[in-house]
Amino acid sequence: MSEENLKEKEEIKPSISFIEQFIADDLKEGKNSGRIHTRFPPEPNGYLHIGHAKAICLSFGMAQKYGGKCNLRFDDTNPVKEDVEYIDSIKEDIHWLGFDWENREFYASDYFGKLYDFATDLIKRGLAYVDDQTAEIISAQKGTPTQPGTESPFRERTVSENLDLFVRMNNGEFEEGSHVLRAKIDMTSPNMHMRDPIIYRIIKTSHHRTGNKWMVYPMYDFAHGQSDYFEGITHSLCTLEFEVHRPLYNWLIDQLKTGDYRPRQIEFNRLNLTYTVMSKRKLLQLVQEGSVSGWDDPRMPTLCGLRRRGYTPESIKKFIDLIGYTKVEAINDVSLLEHAVREDLNLRTPRVFAVLNPLKVIITNYPEGKVEEVELINNPEDETKGTRNIPFSREIFIEQDDFMENPPKKFFRLAPGNEVRLKGAYIIKCDGFKKNEKTGSIEEVYCTYEPDTRSGEPGSEKKVKGTLHWVSAKHAINAEVRLYDRLFNHEDPAGQKDDDYRNFLNPGSLKVLRGCKIEPSLGSAKPLDKFQFQRLGYFCVDYESTRENPVFNRTVQLKDTWSKINK
RNA sequence: UGUCCUGUAGUGUAAUUGGCAACACGUCUGAUUCUGGAUCAGAAGAGUUCAGGUUCGAGCCCUGACAGGACAACCA
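Using my numbering, you'd call the opening residue of the first sequence number 9 and step up by one each time.
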């Protein structure tokens, strides 16, 4: 590449998303006095997943980048479905991702009073009315997407009657479902959401924050935009399915606003990942039916699941950065997520030796009882991480996969007559093995070592094709290792019309290995500590790990060219 | 039989006021390597859903098709 081209390439600015473009334009035009203020509005009825992370990164990220603020606002307008239980986990996950809302922790329920007053105001202005019909009838009158609705017989009630009824609804004089408050807009609108939408309903369940103060609760459409308005939000970023709500959002803001300020709703595509499901309902179902061990099962796309799996916040942010924000409903390949986590972990994790499926190797010409300390580099990507010593002795464990009695052509590992390097130690040659004739399994392998080939010694210059990791048998610690694979064996389990997504659960998504042999330095590892098990993948200490039974979760495998060649 | 949104390599995204379709992942070569990792060098792969139109010139503008999605919860 010529110097000129190189310069050109360096000058390419990372392109910004259409949302950021809107924001930049609004700021430039001086809308809302040049402020940017966003919000992240989770409903406290479940755990956050990586799709939420995409929304969090956008709303917090835009505010950060353009010198604004981002509020955390719990959208708690439905006491039937919501619970405090979820609030702490949601806050923990946002913090874990590295974002902070300072003192701006809000709740839609903070505004129940203002919302009630606004509803009353709409009634007074003839823009809302109480409907006494059942849900079924109201629904039938709504029409269909292709047919206009018909007006409710209660649509023309007097203001005073409406006012009286609404007060009594909130006093608990009526049963749930018997009355609703509706905005009076247009029953013939081609947009169903404008056909006199229900804005208040009676719910007698106690609310986790306001207790039994209210008997009427605002619907999403009547709470969200107004909450934005009350908080001075300038850009209300949400997912595509709310696009059709935008006219209603704007209509309500129009009734509410008194000056130039108005929040703007912009919609982007939600995150879909291959080989998993993302809806809260389905995730909850997986938990309840025991398909996974809980919300934080390392196979779950929840943030707590990914954390337990060994993902770092940086890797998730990197991934989200990579996929971008558009209006196209896309399914993103998990392999991109895996790439992001490998890239991150490659730089930060210490390399260690762990043998998952041990096969004993006896070095027949190595003195019995002798132990040598060999030095290994902790992280070749980061010299400052230094070195460590691990013991070497006559009997070691290697991976069962690293020995073959009858190897194919390009097998660079151990086989009868073959030489390999034991990483950090000696070159050994295989000159025999013990096979269980009944089962056909290899039980022991016998080798001889070349004393002058120890790493660092002059003889170590000798080239061999393969290098194996190993653990000294006498010094190894036993460990449990949990190998995770994709939860589903279909790219799009939820998108199959005739098949329930549960039919695609991958029966091999969790494989528990016991009796794995890990190097002694791992004895002091703490939950969430991350390592690269050399030649295998990235692993993370599980919460259930104890000194007696260390437990490691596999985050992701290393890229494996050999398995491809071998196919 | 409506309204709204969306169609760019296998996947996800780019492409100033119309100006040689670019990047990442994945795939494939080769180099290098005491991790079959990482790194480095390179390659293949789309002519932008289709058909018209405007223009010297269209992924971008216009018209019309086609395809996919969203909308008919007293959910958010």
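Note that CB positions come from ideal geometry on N, CA and C, so glycine has one too.
Just so it is clear, the structure is predicted and the values come from calculations on it, not from any experiment.
Query: Option nearest T128 by Cα separation, candidates I331, E169, C524; Result: E169
Query: Environment of K150 [buried if 16+ CB atoms lie within 10 Å]; Result: buried
Query: The segment 167–181 touching the segment 208–227, judged by at least three CB pairs closer than 8 Å; Result: yes
Query: E19 burial status per 10 Å Cβ neighbour count (16 or more: buried); Result: Low local confidence applies: a pLDDT of 46 at E19 is under 50, so the model's placement there is unreliable, with the coordinate-based value given in what follows. With fewer than 16 other Cβ atoms within 10 Å, it is exposed.
Query: Residue burial classification, N557 (beta-carbon count within 10 angstroms, cutoff 16); Result: exposed
Query: Beta strand (DSSP E) runs wholly inside the segment 14–72, at least 3 long, in chain order; Result: 45–48
Query: 7 Å Cβ cutoff met for N365 and E407; Result: yes
Query: Cβ-based burial, P459 [other Cβ within 10 Å; buried from 16]; Result: exposed
Query: Residues that T456 bridges to, as DSSP identifies them; Result: K437
Query: Distance between Y333 and T569 (C-alpha atoms, nearest Å); Result: 33 Å
Query: Spatial neighbours of K442 in its chain, beta-carbon cut-off 6 Å, leaving aside the 5 residues before and after; Result: E451, E452
Query: V564 vs R350 beta-carbon contact at 7 Å; Result: yes
Query: Boundaries of the beta strand (DSSP E) in which A143 is found, first to last residue; Result: That residue, A143, is in no beta strand (DSSP E); its alpha helix (DSSP H) goes 143–149.
Query: Inter-residue spacing [alpha-carbon to alpha-carbon] between E90 and L291; Result: 16 Å
Query: 7 Å Cβ cutoff met for F400 and G474; Result: no
Query: I485, enclosing beta strand (DSSP E) - first and last residue; Result: 485–492
Query: Residues of its chain near M200, where Cβ-Cβ distance is below 7 Å and the 5 sequence neighbours each way are ignored; Result: K150, P153
Query: Buried/exposed call for Y551, threshold 16 Cβ in 10 Å; Result: exposed
Query: Three-state class that DSSP yields for S10 in the structure shown; Result: Unreliable positioning characterises S10 in this predicted model, as indicated by a pLDDT of 36, which lies under 50. The coordinate reading is nonetheless provided below. Coil.
Query: Reduced DSSP secondary structure (H/G/I, E/B, other) of R307; Result: coil
Query: Nearest to N354 (by Cα), restricted to the options Q542, A231, T46, S41; Result: Q542
Query: Beta strand (DSSP E) segment containing G523, residue limits; Result: 518–526
Query: Beta-ladder partner(s) of S244, from DSSP; Result: Q273
Query: Through-space distance from F107 to V428, alpha-carbon basis; Result: 48 Å
Query: Cβ pair Y269, G233 closer than 7 Å; Result: no
Query: V167 - containing alpha helix (DSSP H), residue span; Result: 167–179
Query: DSSP three-state assignment for K567, whether helix, strand or coil; Result: coil
Query: T128, enclosing alpha helix (DSSP H) - first and last residue; Result: 120–132
Query: Residue closest to W303, alpha-carbon to alpha-carbon, out of N53, K437, T456, S463; Result: N53
Query: Unbroken alpha helix (DSSP H) run spanning R289, endpoints; Result: 288–296
Query: Which of helix, strand or coil DSSP assigns to V503; Result: According to the sequence as given, residue 503 is Gly; it is not Val. Helix.
Query: N-terminal and C-terminal residue of the alpha helix (DSSP H) that P161 is part of; Result: Neither: P161 is in no alpha helix (DSSP H) and is coded neither H nor E.
Query: Separation of F126 from T166, as counted between CA atoms; Result: 18 Å
Query: Start and end residues, beta strand (DSSP E) containing L279; Result: Note, L279: premise wrong, no beta strand (DSSP E); not H, not E.
Query: Whole-angstrom C-beta distance between T242 and R43, which should lie under 8 Å; Result: 5 Å
Query: C-alpha gap between Y374 and D352, whole angstroms; Result: 40 Å
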